[in-house]
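Notes follow once the structure below has been shown.
Number of protein chains: 2
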Amino acid sequence: MELLVLGIGLLGLLVAALLVFLVRKSDPGDSVMVGISNAIRQGAFAFLTKEYQYMLLVAIPFAILIGFVISPYVTLSFSVGALFSVLAGFVGMNVATLANTRTTQAAKTRGEGRALDMAFSGGAVMGLVVSSLGIIGITALFLVFRNTLHSSETASILVGFSVGASFVALFARVGGGIYTKAADVGADLVGKVEAGIPEDDPRNPAVIADNVGDNVGDIAGMGADLYESYVGAIVSALVLATLADGTFDTSKTSFILYSVGSGLLASIIGVVIVKFGARFGKLKPAFGLQLGTIVASILSIAVQFFLSVRILGSYMPFLATAGGLVAGILVGAVTTYYTSSKPVRMIAEQSKGGPATNIIAGFGVGMESSVLPLVIIAAALVGAFYANGIFGVALAGVGMLTTLGATLAVDAYGPIADNAGGIAQMSGQDPSVREITDTLDSLGNTTAAMGKGFAICSAALTALALFVAYSQQVGLKAELFNLLDPGVLAGAFIGIAMPALFSALTIRAVGSTANLVVEEVRRQFREIVGLLAGKAEPDYKKTVSIATSGALRNMVLPAVLMVAIPFVSFFLLGKEGLGGVLVGSTLSGTLLAIFMANSGGAWDNAKKLVETGYLDGKGSFVHKATVVGDTVGDPLKDTAGPSINILIKLMAVISLLFIPFLL
Amino acid sequence: MELLVLGIGLLGLLVAALLVFLVRKSDPGDSVMVGISNAIRQGAFAFLTKEYQYMLLVAIPFAILIGFVISPYVTLSFSVGALFSVLAGFVGMNVATLANTRTTQAAKTRGEGRALDMAFSGGAVMGLVVSSLGIIGITALFLVFRNTLHSSETASILVGFSVGASFVALFARVGGGIYTKAADVGADLVGKVEAGIPEDDPRNPAVIADNVGDNVGDIAGMGADLYESYVGAIVSALVLATLADGTFDTSKTSFILYSVGSGLLASIIGVVIVKFGARFGKLKPAFGLQLGTIVASILSIAVQFFLSVRILGSYMPFLATAGGLVAGILVGAVTTYYTSSKPVRMIAEQSKGGPATNIIAGFGVGMESSVLPLVIIAAALVGAFYANGIFGVALAGVGMLTTLGATLAVDAYGPIADNAGGIAQMSGQDPSVREITDTLDSLGNTTAAMGKGFAICSAALTALALFVAYSQQVGLKAELFNLLDPGVLAGAFIGIAMPALFSALTIRAVGSTANLVVEEVRRQFREIVGLLAGKAEPDYKKTVSIATSGALRNMVLPAVLMVAIPFVSFFLLGKEGLGGVLVGSTLSGTLLAIFMANSGGAWDNAKKLVETGYLDGKGSFVHKATVVGDTVGDPLKDTAGPSINILIKLMAVISLLFIPFLL
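One line per chain: the protein sequences are A and B, in this order.
Residue 659 in this note's numbering sits at position 656 of the first sequence, and the numbers go up by one each step.
Residue 262 in this note's numbering sits at position 259 of the second sequence, and the numbers go up by one each step.
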């Protein structure tokens with residue numbers, strides 16, 4: 004029966020392939036548009052290729068280490084886990100950079116519905132490939148090794164797969180996050196501020212790098228992040244699905260695999276609804292996107308109820324998975340509230356006092372916005388535990404990600420629409436084209452806010468599930484793992500410091516990489532004769548390459564630190580102290596990630612609100628103040644915050660893999 | 004023998020009285036100076052009086068509740084604890100507002116040494132009165148009730164005293180913090196920015212309110228905060244100093260009381276050294292201030308070693324107290340580093356890119372600066388526990404505060420020097436006078452950074468000590484109070500959200516109070532004919548009164564929330580879950596308090612650095628960017644951050660007092 008799940012995974016890949024085919028055969032537009040799209044495409048691939056080369060330098064010794072310390076099988080699963088993530092990144096990036104110009108062209112010739120269809124099809128490939136590869140990898144490894152090896156060895160192999168996923172996510176999210184903001188700052192600071200040319204102007208040597216950044220940060224990075232969460236949640240649930248004698252409880256493992264399989268199927272249905280709703284113009288874009296996600300969620304929940312009662316003989320496991328999903332949706336809704344509506348208007352109002360009051364207001368909004376999500380996560384935790392014990396906590400993590408195929412599709416569609424707008428601008432299309440892409444883009448911003456909340460909530464629940472699996476694998480005893488133990492408490496203090504350290508390092512990395520980009524852009528403006536007059540072409544490739552190597556060089560220190568901390572903590576404070584570190588970093592990591600995502604989002608939207616004419620409109624004193632807020636928020640919401648999501652999961656999964664063997 | 008400790012407490016009051024006498028008989032300067040000083044004085048007393056009236060409205064029902072739920076004795080100790088804090092606040096404020104104009108006059112007529120002498124004498128009164136009253140209150144209650152009541156009842160009475168201290172600290176620190184920043188923003192925004200008149204200009208209707216704010220925020224607020232820490236640390240140590248049968252272990256209690264008594268004596272000696280060193284001009288100001296603190300610390304540590312070996316027969320307890328002191332000094336040193344030297348120069352450099360890069364740089368510095376202090380606290384925790392178990396944790400809290408008399412003297416001296424500078428400016432003294440007060444003020448800024456780090460570290464250790472005492476009093480069992488329990492973990496999630504919620508509320512309170520002040524200042528500029536021409540006087544009192552009532556009204560919501568949260572958490576999650584809330588809030592509270600204090604301090608000093616001519620100097624583009632950073636940092640470092648110190652201690656001490664009776 005588990006073969007059926009593998010089949011659904013393959014079906015997901017098939018649908019994705021079909022979508023790629025449909026995108027590919029659409030009209031890519033005129034040669035100028037295609038030229039720009041190709042430049043973005045080449046830049047994105049150049050970045051990804053170099054990023055993965057850097058990664059190999061670390062991944063190969065790490066894989067060998069795993070082989071010696073643990074087992075060659077785990078080296079294998081680690082490699083497959085990493086490879087699948089790389090594959091998903093390339094496929095997603097490929098279709099995204101095909102879809103962008105086709106979205107512009109569709110907006111130009113066939114209207115809003117078709118443009119949405121195109122952008123969403125691109126996003127859906129990412130969503131489907133990520134979840135299909137996750138399901139295929141986990142199910143295949145589980146089926147192959149379950150009957151040949153001991154359960155604990157099979158568990159290690161699954162965890163290895165998850166570590167592989169985390170490893171790629173680290174590079175994709177952190178490296179991509181540094182890249183995208185450095186390019187953005189470089190393009191804005193020299194182009195908009197110093198040279199006085201508009202955004203997305205083809206004369207700007209950093210304009211392609213900026214568009215590449217949207218792809219590598221928001222598409223490949225987001226994809227790798229959620230792939231890591233997805234795999235981590237499923238693996239920790241499988242690891243916890245054991246009987247008293249340590250062997251797998253097959254009804255529990257079936258429940259998990261069937262749940263994620265049916266979730267993928269529901270996601271495919273959701274994707275089809277959105278796509279055809281858009282294509283035939285039957286649904287309004289905002290409603291269509293929502294409808295797809297809602298249908299997928301309802302179908303998925305319904306099947307889980309049936310599976311829970313039939314396979315496990317109780318609706319309690321269903322309550323845990325559904326609780327996770329509800330928590331994710333609620334956190335997303337809170338995020339949406341704080342990055343739109345009243346709080347954003349308040350920030351805009353406060354900007355009348357200048358940049359300082361704008362920053363203070365956004366800071367307050369960000370702090371406040373973290374409260375409800377933390378309470379929601381606490382409630383989900385308690386609910387899941389009472390429904391199904393420690394296993395329930397892992398199920399909650401799985402539950403919120405079962406429809407990842409659909410939710411990630413909606414997330415990844417935004418940056419494609421954004422890119423399409425850039426291409427419209429750079430290729431000098433009629434303003435009406437830009438209007439359509441702007442509508443789609445602003446819709447994307449709303450769904451992105453939801454998606455970010457979802458990603459943070461899933462990172463927190465996955466990190467908790469992995470931590471719980473860790474506690475079982477290393478045999479943490481309740482009476483030793485208590486908060487009155489000085490080692491545990493000290494671990495928690497050190498743990499809460501880690502996301503702060505990591506934020507400081509990534510923010511600084513953005514600063515130094517941005518400086519390199521700024522210098523290069525200035526140099527080109529100075530040295531390339533006739534550039535500003537539009538008579539000569541800038542050297543886009545050079546800028547891309549400088550941003551790429553800068554971002555990757557500057558991510559080495561934070562990356563190495565992150566991998567080292569679990570080991571150092573274990574040697575200093577023991578397995579209980581390391582447990583404290585994991586909990587502490589999950590706690591403050593969740594707090595800071597929400598704060599950064601929401602303050603950044605709220606500043607961004609306050610600026611956009613003023614630009615639509617609210618208060619004194621574009622160019623006014625108020626507008627300038629909101630631009631400062633937006634610039635401050637950018638590295639928080641797009642680099643430091645998302646990196647924290649990786650930090651807390653990676654530390655947990657590395658501990659889960661290695662510590663049982665170091666004991 | 005414990006009577007000797009009472010005697011030292013009385014000696015401290017005597018020395019303080021002598022200092023008041025010496026300050027009082029000094030030359031207060033000409034009638035303009037005295038007039039300004041009186042206005043500040045009246046404003047400060049008006050604020051304190053109104054603040055305490057507001058407080059009574061809450062304190063009286065609370066005291067009655069205590070009498071019914073627990074015992075009338077505890078109502079008594081609560082009232083005495085609160086009363087002593089009020090008393091210390093009035094005495095400290097009284098001498099500070101006497102010393103400010105006399106410092107200006109000394110700078111004018113007798114040079115730097117005498118000016119330092121005067122400002123420091125004012126600060127020393129605050130330091131000595133706070134620690135003397137703390138010691139007298141605790142020792143007297145302990146001696147009176149130890150032999151007449153059961154140990155657990157005596158413990159409750161001591162905790163009641165501590166809750167009284169916390170209650171006043173809440174109003175002083177939060178209300179004062181909101182007031183001082185609202186007045187500051189109001190004065191700057193309308194005076195400096197809109198009307199274009201310099202800082203501390205007598206034509207500005209908010210100038211007195213601004214100076215009042217320095218006193219109520221930095222002197223009365225800081226004093227009440229550290230009084231709360233001091234009392235909380237000693238009380239939690241006494242509560243934990245019990246034998247197996249629950250009665251007091253008299254050798255342990257003696258050790259605690261002798262340690263704090265000898266610490267006060269050492270502080271008196273330190274104060275004398277600074278005072279006479281300054282008076283006779285034998286020591287450079289910076290060196291003199293340091294020497295006093297260092298001598299007090301060394302003397303205090305030496306006596307603790309002797310007491311530890313003699314009374315408890317081991318140097319282990321000494322290691323715990325000394326460890327606490329060392330931790331406090333190290334955290335102070337880290338704070339000093341991040342708010343001066345390299346990080347500050349880096350922020351100034353980054354300000355070349357405008358306000359946004361200034362903010363991002365300061366944000367990164369603040370995040371990074373929290374890492375080492377958290378590790379230091381973790382190390383102190385582990386060290387103290389291995390030295391002397393749970394009791395050792397409380398001893399570490401006591402250890403770092405034994406020389407509070409000297410350290411608080413140095414802290415409280417800064418705002419007096421700052422006020423003296425304001426008076427020099429407003430009364431139109433020769434620039435050379437302002438130069439002297441500026442030197443003293445900038446020296447005060449350095450010691451203030453140290454003092455803030457110290458206050459945060461002491462708040463964290465005291466909160467932990469109170470939490471540990473709570474865990475003993477409610478009988479938390481290790482196997483139930485573990486991090487795998489969903490209630491504990493959920494409590495930790497809710498706990499980490501509390502400092503964020505509280506920061507958002509206090510930041511918003513500053514905003515709305517500042518708006519009231521801004522409107523009033525604008526009104527006066529508009530309606531009082533000839534004000535800007537210097538031909539009419541502004542209505543200082545009106546501004547003071549508006550800022551006062553605004554601040555107090557806006558602190559009601561955060562204050563009520565803070566008191567309610569322990570009860571709500573207990574009813575929802577039980578005593579273990581409440582333990583999780585206390586630990587969670589201490590964790591994120593420490594992180595956020597350090598982040599806010601240090602980023603705020605670094606932004607402030609980056610601005611000052613540029614004003615001294617670094618980079619492009621005052622009035623330049625870089626300078627304007629640093630002004631934005633300074634304005635953003637102000638409510639963080641002076642309102643939200645310090646309020647968190649109170650939050651974590653108050654929640655712990657309220658739980659410690661009430662929950663044993665609610666069980």
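For glycine and all other residues, C-beta sits at the position ideal for the given N, C-alpha and C.
Inset, instruction - Measure the Cβ-Cβ separation of residue 158/A and residue 347/A and say whether it is below 7 Å. - result: no
Inset, instruction - Run down chain B in chain order and give the residues with a C-beta less than 8 Å from the C-beta of residue 370/A. - result: 503, 504, 506, 507 and 510
Inset, instruction - Could you check the C-alpha separation between residue 297/A and residue 388/A for me, to the nearest Å? - result: 26 Å
Inset, instruction - Determine, using beta carbons only, whether residue 457/A comes closer than 7 Å to chain B. - result: no
Inset, instruction - Can you say whether residue 253/A is buried or exposed, counting buried as having 16 or more other CB atoms within 10 angstroms of its CB? - result: exposed
Legend entry - Identity of the residue in 162/B, 365/B, 586/B and 204/B nearest residue 82/B by Cα: 162/B
Inset, instruction - Using a cut-off of 8 Å between C-beta atoms, extract the partners of residue 487/A located in chain B. - result: 393, 471, 474, 479, 481 and 484
Inset, instruction - Can you grab the Cα-Cα spacing for the pair residue 276/A / residue 21/A, in whole Å? - result: 15 Å
Inset, instruction - With residue 591/B as the anchor, note down where its alpha helix (DSSP H) starts and where it stops. - result: 559-614
Legend entry - Which of helix, strand or coil DSSP assigns to residue 406/A: coil
Inset, instruction - Kindly say whether residue 589/B, judged by its beta-carbon, lies nearer than 7 Å to any beta-carbon of chain A. - result: no
Legend entry - Given residue 536/A as reference, the closest of 92/A, 186/A, 205/A and 97/A once Cα atoms are compared: 205/A
Legend entry - Close Cβ partners of residue 383/B (< 8 Å) along its chain, the five nearest in sequence each way excluded: 326, 327, 329, 330, 399 and 464
Inset, instruction - Within its chain, find whatever has a CB closer than 7 Å to the CB of residue 342/B; leave out the 5 residues flanking it on each side and keep chain order. - result: 452, 601, 604, 605 and 608
Inset, instruction - Determine the extent of the alpha helix (DSSP H) in which residue 643/A is found, giving its start and end residues. - result: Run containing residue 643/A: none; DSSP gives neither H nor E here.
Inset, instruction - Starting from residue 366/B, find everything on chain A with Cβ-Cβ shorter than 7 Å and list it in chain order. - result: 510
Legend entry - Presumed contact (8 Å Cβ cut-off) between residue 458/A and residue 129/A, rounded CB distance: Incorrect: roughly 14 Å between the Cβ atoms, too far for contact.
Legend entry - Contacts of residue 573/A in chain B (Cβ-Cβ under 9 Å): Under the 9 Å cutoff, chain B gives no residues; its nearest Cβ is about 15 Å from residue 573/A.
Legend entry - alpha helix (DSSP H) runs wholly inside the stretch 350-438 of chain B, at least 4 long, in chain order: 358-372, 374-404 and 407-429
Inset, instruction - Answer yes or no: do residue 170/A and residue 144/A have a C-beta to C-beta separation smaller than 7 Å? - result: no
Inset, instruction - Report buried or exposed for residue 599/B, applying the criterion of at least 16 other Cβ atoms within 10 angstroms of its Cβ. - result: buried
Legend entry - Residues of the stretch 33-49 of chain A with Cβ closer than 8 Å to any Cβ of chain B, in chain order: none
Legend entry - residue 250/A classed as buried or exposed, judged by whether at least 16 other C-beta atoms fall within 10 angstroms: exposed
Legend entry - Distance between residue 447/B and residue 112/B (C-alpha atoms, nearest Å): 21 Å
Inset, instruction - Give the residues of chain A in contact with residue 353/B, contact being defined as C-beta atoms less than 9 Å apart. - result: 514
Legend entry - Beta-bridge pairing of residue 245/A - partner residues as DSSP gives them: 251/A
Inset, instruction - In the DSSP assignment, find the unbroken alpha helix (DSSP H) run with residue 141/A in it and report its ends. - result: 114-149
Legend entry - Within-7 Å CB hit, residue 520/B to chain A: no
Inset, instruction - Just mark residue 63/B as buried or exposed, buried being the case when its beta carbon has 16 or more other beta carbons within 10 Å. - result: exposed
Legend entry - Beta carbon of residue 461/A nearer than 7 Å to that of residue 404/A: yes
Inset, instruction - Check each candidate in 216/A, 34/A and 133/A and name the one with the smallest Cα separation from residue 549/A. - result: 216/A
Legend entry - Buried or exposed by the 16-neighbour rule on C-beta atoms within 10 Å, applied to residue 52/A: exposed
Inset, instruction - Have a look at residue 636/A and residue 476/A and give me their C-alpha separation to the nearest angstrom. - result: 40 Å
Inset, instruction - Flag residue 631/A as yes if its beta-carbon sits less than 7 Å from any beta-carbon of chain B, otherwise no. - result: yes
Inset, instruction - Thinking residue 423/A and residue 214/A are a contact (beta carbons under 8 Å), I'd like their distance in whole angstroms, please. - result: Incorrect: roughly 10 Å between the Cβ atoms, too far for contact.
Legend entry - CB contact flag (residue 42/A, residue 211/A, <7 Å): yes
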